[in-house]
Amino acid sequence: MESGGPYAGKGYCFAFARFGGAEDTEPLIDYLDRYLPHPEYRYDQSWVMGALLHLDERPGTDHATRFFAPGGLWERSWLKELNVDPAAPKDWIDRLCRFADDCMSAGDGTISHVER
Numbered sequence: 003m004e005s006g007g008p009y010a011g012k013g014y015c016f017a018f019a020r021f022g023g024a025e026d027t028e029p030l031i032d033y034l035d036r037y038l039p040h041p042e043y044r045y046d047q048s049w050v051m052g053a054l055l056h057l058d059e060r061p062g063t064d065h066a067t068r069f070f071a072p073g074g075l076w077e078r079s080w081l082k083e084l085n086v087d088p089a090a091p092k093d094w095i096d097r098l099c100r101f102a103d104d105c106m107s108a109g110d111g112t113i114s115h116v117e118r
């Protein structure tokens, strides 16, 4: 999930969350396994976790739990040191997905509901 430029990673995370299925958790998990242990790589880890948590809301998936286990990668990461609550990036992803759903479902060229 190399972004190749600023903000591309956030777009990938949104796309995985919005259009992805259970099989799309693998690149997110691989990314977190690779980058969470390295504080020198402060990229899109929070957005990736938000996308993974969003996908985990689907029945039968629970991929993010292992990252939050005592001594797990999230707990040892720079995000934990900064007190980043994993619910916050999930909320960002959830809002973006709801916004996209609303834009697609309005049908009349208007946005039926925008939550701020």
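Sequential numbering of the sequence shown, starting at 3, is according to the working numbering.
From the three backbone atoms N, C-alpha and C, an ideal C-beta is built for every residue, glycine too.
Here DSSP, grouped into helix, strand and coil, assigns proline 41 to coil. Counting only runs of 4 or more residues that sit fully inside the segment 75 to 105, the alpha helix (DSSP H) segments are 80 to 83, in chain order.
In its chain, beyond the 5 residues on either side, Leu38, Pro39, Pro41, Gln47 have a beta carbon closer than 8 Å to the beta carbon of serine 79.
Distances from the alpha-carbon of glycine 52 to those of Glu83, Gly13, Gly73 put Gly13 closest. Exposed is the label assigned to alanine 89, since fewer than 16 other Cβ atoms lie within 10 Å of its Cβ. A check of alpha carbon separations from glycine 11 across Glu28, Phe21, Gly22, Tyr33 identifies Tyr33 as the nearest.
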